[in-house]
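Chains as they are written, first to last, in my numbering: chain A, -3 to 354; chain B, -3 to 354; chain C, -3 to 354; chain D, -3 to 354.
Okay, so here's the structure we're looking at.
There are 4 protein chains.
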Amino acid sequence: MIRFECDYGEGAHPRILERLASTNDEQTPGYGEDVFCARAAALIKGACAAEGADVHFLVGGTQTNLTVIGAALKPHQGVITAASGHIEEHETGAIEAVGHKVLALESPDGKITGSQVDRLCRAHHGDPNHEHRVQPGMVYISHPSENGTVYTKQELVALREACDNWGIPLYMDGARMGYGLAAAKSRAASGQSAGEELALPDIAALCDAFYIGGTKVGALCGEALVIASEGLKKDFRYHIKQRGAMLAKGRMLGIQFEVLFEDGLYMEISEHAVKMADLLRNAFALKGYEFRYDSPTNQVFPILPEDAIHALAEKYAFFEWEGAGEKSGKRWATVRLCTSWATREEHIRQLTDDIAKL
Amino acid sequence: MIRFECDYGEGAHPRILERLASTNDEQTPGYGEDVFCARAAALIKGACAAEGADVHFLVGGTQTNLTVIGAALKPHQGVITAASGHIEEHETGAIEAVGHKVLALESPDGKITGSQVDRLCRAHHGDPNHEHRVQPGMVYISHPSENGTVYTKQELVALREACDNWGIPLYMDGARMGYGLAAAKSRAASGQSAGEELALPDIAALCDAFYIGGTKVGALCGEALVIASEGLKKDFRYHIKQRGAMLAKGRMLGIQFEVLFEDGLYMEISEHAVKMADLLRNAFALKGYEFRYDSPTNQVFPILPEDAIHALAEKYAFFEWEGAGEKSGKRWATVRLCTSWATREEHIRQLTDDIAKL
Amino acid sequence: MIRFECDYGEGAHPRILERLASTNDEQTPGYGEDVFCARAAALIKGACAAEGADVHFLVGGTQTNLTVIGAALKPHQGVITAASGHIEEHETGAIEAVGHKVLALESPDGKITGSQVDRLCRAHHGDPNHEHRVQPGMVYISHPSENGTVYTKQELVALREACDNWGIPLYMDGARMGYGLAAAKSRAASGQSAGEELALPDIAALCDAFYIGGTKVGALCGEALVIASEGLKKDFRYHIKQRGAMLAKGRMLGIQFEVLFEDGLYMEISEHAVKMADLLRNAFALKGYEFRYDSPTNQVFPILPEDAIHALAEKYAFFEWEGAGEKSGKRWATVRLCTSWATREEHIRQLTDDIAKL
Amino acid sequence: MIRFECDYGEGAHPRILERLASTNDEQTPGYGEDVFCARAAALIKGACAAEGADVHFLVGGTQTNLTVIGAALKPHQGVITAASGHIEEHETGAIEAVGHKVLALESPDGKITGSQVDRLCRAHHGDPNHEHRVQPGMVYISHPSENGTVYTKQELVALREACDNWGIPLYMDGARMGYGLAAAKSRAASGQSAGEELALPDIAALCDAFYIGGTKVGALCGEALVIASEGLKKDFRYHIKQRGAMLAKGRMLGIQFEVLFEDGLYMEISEHAVKMADLLRNAFALKGYEFRYDSPTNQVFPILPEDAIHALAEKYAFFEWEGAGEKSGKRWATVRLCTSWATREEHIRQLTDDIAKL
């Protein structure tokens, strides 16, 4: 069985394991105050062109989300998200457990728009009974989204403006950030672009905080949280500690991000995953299959008939996303296949061959 | 500078790093449902003689404490601890942040007694205004304690009985569990014992839940939580997820605990650390210094005059714990030195030589 | 201006004020442990035919909801409600502030069904990733609902069965309970009934907990919470105190509910309000207007053209509920008019005359 | 049995009941936006010489404390209090339930000092591991304290300065505020004063927020919260609603405070209670008994031998506070007697006669 179910099925990029080994005997202070974390933070600030930012390393995505959102909101505030957002659907009420309502907006593709945010805030503050409702206090987006889609620069600017209009921070969950950046680069290189692709400096300039995912992009675990806004920076390490997110051996996270960012490894492996996903997308498209979402990233969402799904499922593991009705006397469904930094091209070739034979 | 400040200054035991590397390409399901976690859990249940227990792997100590305590208590309940307990002093209010008061008991040595628990509960339930106070709902102890001291079997039985009397669970924080087990084994071997040393099966039989620390005992990170009582087992993975404690690559924790428990490595490295600490204790004792706490574990708390402290501080890093008054015209202070699985005997020899020269 | 905006615009029923005055000098213990609370609780248990129940008096509805739901749920659980439920829409995130997600179900009329609950629970527990989602842990309904509609016995039995199937409690918010009971009695008396109307003993037999609203039914403030299930009874006074819901002068609530329940006053004033609302409904129906919701209680929701709304708004205050589109070249809207225990028949006669003239 | 157990044993001052009756039929908007609340707020701002303040009416003390403290603190912060503070001892963990640790300072008399606050904050921020501890984020004091003692102007200025030094707000719980103000006025009138007594304008000038207690000073229920600092004012009504503290019939609180403050009734009844307490204090002092606390307010804490306690307990109800050891072959104890706005002078005369006969 060759697995395309998720992007966290293997361990870590070998260079990370090597560096963990080669630095193993060095004695460092604990709790993220070591030289590896310092160097990794500097590399990330450089990559973001955000020298004034603060960078913290946390262990996982849910943890990062609940720590940031819990620190940013006041008790009467909630966080705006797409209805399919990770914090709404996949975190067992972690945000509510730190006291806050999740304000979900309809979203056909995993993204939300500045005008949706604006409308929600306007409706709230225009309601004479607004004190009886949760005040919108932050915007949470994922880039790429749960559906593999990405924001353009224009879309992110519109969200920023909506946030500025209402005085609330904009936070980006970048669990799969690398794959979003790589898709942008690939689209730009292909000439499809109109200068609208988001790179890290754009994101750092437009968001109050965001995290660069390590767990799904080559690390054993770890997310690099970048905080640009002064209000959120203050006392942030207290919040990390309080939520159980401060590792005694914080070095373990610093080392990994140093490796990922010192020689462009993060982009290199992300581009590999997107290239592999593009091969899959081409193979499905050549057979005339359509896609549920316009994902240019490492997630591929073809809509397939049941016989094709069964045929592929004999050799490949993937995720059945949702039903897609009946057509030509067959049941159809959307499936999700993920590539990653660890995907082997030979496996992709095998699969594309099998797709061609469908 | 040779560092004895803490027991988390280095990376991980080399065998852990090797295993992470050798298993790196294996594809596994996420979220702790992989074969490594399953094997590690089986090994730990074996070591605890607790086949019916549930074992979960979490990332760090504060996280494990807040997840367990948050899951066990009802909103009106608090958790009993020594005033020096980690949850009271060193977790930035993590327990309060999940809604619960910490009920601190006086403790000269980091331990609390069954009769203290009994008195507190009796006073609470005997108070006609008890509904205006937080109800004691759980007992939290550390073994070894923050002061390096350990519970005897008799002491733990007394705590168990007090808990049973009042119908509340007993939870043990074993961040440094290995060093406590090793100290017990060493004391037993030396003939000092009266059969009162705690081994893992005793702990599993007497506690409702406890965790076996990895972070401070050879792992990169990770704590193995053992839940013996049925009430706490139910739905526990929801709590892990909600608190941000469920790793996508849960295998990373399973692999580490498999290595630590498959060939006795956990005890072997713990015994090494205690042996190293014993060398330090002997060296200080030979010079006539006294100790602040009766710690038989990897933490050593000699009370030293300021000149001795300054002399040692030139070559060695350690932690100044608290002042100890004036004596013979000098300021004295308690210092803490930690050994660990990573302590090199040559460094200990250097230090004991230097102690001898004080 | 004659006001029909809400059912809490006046003070309290005069008999309540008289009793507060006549008992004023009696000295009683505090915190709800007085003789008035005891007598009121006994009367309510009698009215519910629920001698084994516990009755507590709290001050307001949001407070009662957050106290009950916070006490009943475990951290990983959420509460099921209609999307229009008070806890979802009108309590400023009070439930999230005590840590729990609100799981909203679509509802055209303010009610939810047993099969909706069943489907939601089945979907949750059937999801292999259920641990990543909030577990349904309680059902919250309002009777009457926010739309003035009421549950039949059959509907409540179906909800009870769904709750039993999934082992979760059923909780009813009865902020306007009296008006629901009165509507049932009126319908039964009119021969429209098929024995399906809910009376207090039915509710007590079918719900784990519910509250009988005082604030909107003749009291200055106060809600009588009835707890039927053993699990919820335990330690409940701690929860009341912790949430700031325990009055030092608890007698103030006991006195009011004693007056309301000793001679049938609660039903008498509720029936008055429903009779007044029926007069309004008849007046609107005679003119051919339709109603947004099939409310038999004290809330009336006619759909009116803008000119009628403007005409009535000159003399009467009421609430514009929502737009209802264009028809016959006019903008139409649903408005809400509330009667209450305090509504004067002469005001209703004036209004029905004015409706007739529209 | 004549009761001196507490100051909330009766109903409300008759003028309050009269006003509730005379205003009963007036129709007003709900949720504290009525004319009575507006007038009461204006009266209170006048009495405080604090035109810029915001005034809100809440139902009870625990509720007010949890709402204010929950609104003011960030998640990693705790609130400083005397160890005997109401929030530490008598609110069932209400503050922890909204997420915050209570940082208790030793206090022999129920008060804390500016230098204690300063030392705690200095120690916290000077600790290199401060991020592992709860950050002091607010100071909570009671005036009068749980022991009936009062702050002088100098003492409150010192607390204000400490708070300013560390940038944290100062909050005063005035559940028995009237009795503190009356004691100050009485002391000033007696010539004992050095201009050090606190009046409402001093308190409003020195505190960021405080509440003027109604429940224990003549009202059925209700506390008037005065917020002076801009930071706390913002969005405060959301917090009131979220915590279940916003009454639909908010008028009920406004009416009561309007009566208490329109003609000096609040001070008048407070002065009566203090005068009655002074009679008791004199009677005990004449017999040579000492007092546990130097309370000039409505609470009296004589230390009595057991035979005296038993003799008095035959006719009078009071509270046995704590043991006071053995002396002259007898067990002694501190008892607490409370007077209030409702205390009848004839009862006091009876009791002082009986004290004289001891």
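Where a beta carbon is used, it is the ideal one built from N, C-alpha and C, also for glycine.
Which residues, in order along the region 67 to 81 of chain A, keep a beta-carbon less than 9 Å from a beta-carbon of chain E? In the structure shown, chain E does not exist; the protein chains are A, B, C and D.
Ala79 of chain B in three-state terms, based on DSSP: coil
Less than 8 Å between the beta carbons of Glu1 of chain C and Phe287 of chain C, yes or no? no
Report the rounded CA-to-CA distance for Pro301 of chain B versus Ser324 of chain B, giving the unit in angstroms. 9 Å
Could you check what DSSP says for Lys41 of chain B in three-state terms: helix, strand or coil? helix
Per DSSP, cross-strand counterpart(s) of Ile137 of chain C: The partner list for Ile137 of chain C (beta bridge, DSSP) reads C:Met168.
Cross-chain neighbours of Lys237 of chain B in chain C, by beta carbon under 7 Å: What Lys237 of chain B touches in chain C: Glu127 and His128.
Alpha-carbon spacing of Pro165 of chain C relative to Met134 of chain C, whole angstroms: 5 Å
For Val113 of chain D and Glu157 of chain D, the rounded distance between their alpha carbons: 10 Å
Under 8 Å, do Arg332 of chain C and Phe297 of chain C count as touching if we go by C-beta distance? yes
When burial is assigned at 16 or more other CB atoms within 10 Å of the CB, is Gln238 of chain D buried or exposed? Buried: at least 16 other Cβ atoms inside 10 Å.
Taking the alpha-carbon positions, what's the Asp105 of chain C to Ala205 of chain A distance? Approximately 41 Å, taken between the alpha carbons.
Mind the definition here: the region 208 to 225 of chain C touches the region 166 to 182 of chain C only if three or more C-beta pairs lie below 8 Å; say whether that holds. yes
Go through its chain and collect everything with a Cβ distance to Gln131 of chain C's Cβ below 6 Å, but skip five positions before and after it. His72 and Gln73
For Glu92 of chain C, which residues in chain A fall below 7 Å Cβ to Cβ? Glu92, Gly95, His96 and Lys97
Using a C-beta to C-beta distance shorter than 9 Å, which residues of chain A count as neighbours of Thr60 of chain C? Neighbours of Thr60 of chain C in chain A, taken as residues whose beta carbon is under 9 Å from its own, are absent, since the nearest beta carbon is some 16 Å off.
Are the region 330 to 344 of chain B and the region 250 to 268 of chain B in contact at 8 Å, needing three or more beta carbon pairs? yes
Among the residues of its own chain, which have a CB less than 6 Å from the CB of Ala357 of chain D, if the five just before and after it don't count? Residue numbering for chain D in the displayed model covers -3 to 354; residue 357 of chain D lies beyond these limits and cannot be assessed.
Whole angstroms are fine: how far does the CA of Ile299 of chain A sit from the CA of Ala190 of chain C? 51 Å
Hey, which unbroken runs of the beta strand (DSSP E) at 3 residues or more fall wholly within the region 75 to 126 of chain B? Listed in chain order, the complete beta strand (DSSP E) runs (minimum 3 residues) inside the region 75 to 126 of chain B are 98 to 101.
Tyr4 of chain C, DSSP secondary structure in three states: Of the three classes helix, strand and coil, the one that applies to Tyr4 of chain C here is coil, per DSSP.
Residue from A:Asn20, A:Glu14 and A:Ile(-2) with nearest C-alpha to Gly419 of chain A: Here chain A covers residues -3 to 354 and nothing more, so residue 419 of chain A does not appear.
Just to confirm my understanding: we take Glu87 of chain A, look at its own chain, exclude 5 residues before and 5 after, and list those with CB closer than 8 Å. What are they? Thr58, Asn61 and Leu62
Taking 6 Å as the limit between beta carbons, can you name the residues of its chain near Ile12 of chain B, skipping five residues before and five after? Gln252 and Val255
Residues that DSSP places opposite Ala313 of chain A in a beta bridge: A:Arg(-1)
At a threshold of 7 Å, does Met168 of chain B count as lining the ligand GTP (C-beta to nearest heavy atom)? The ligand GTP is absent from the structure shown, which contains no ligands of any kind.
For a cutoff of 8 Å on Cβ pairs, would you count Thr339 of chain B as touching chain A? no
Can you check the region 270 to 347 of chain D for any alpha helix (DSSP H) of at least 4 residues that lies completely inside it and give the ranges in chain order? 302 to 309
Rounded to the nearest angstrom, what separates Pro10 of chain C and Leu16 of chain D at their Cα positions? Rounded to whole angstroms, Pro10 of chain C to Leu16 of chain D spans 10 Å at the Cα level.
Mind pulling the chain D residues with CB within less than 7 Å of Tyr234 of chain C? Thr88
Measuring only the C-alpha atoms, how far is Gly240 of chain B from Leu221 of chain A? 15 Å
Amino acids of chain C, ordered along the chain, whose beta-carbon sits closer than 8 Å to that of Cys203 of chain D: In chain order: nothing, as chain C lies at least about 21 Å away.
Taking the straight line between their C-alpha atoms, what separation do you get for Lys70 of chain C and Asp349 of chain B? 57 Å
What residues from chain D crowd round Glu85 of chain B, counting only those whose CB sits closer than 9 Å? His128 and Arg129
So with Cβ pairs under 8 Å, would you call Asp123 of chain A a contact of chain D? No, because no Cβ of chain D sits closer than 8 Å to the Cβ of Asp123 of chain A.
Boundaries of the alpha helix (DSSP H) in which Asp50 of chain D is found, first to last residue: Note, Asp50 of chain D: premise wrong, no alpha helix (DSSP H); beta strand (DSSP E) at Asp50 to Leu54.
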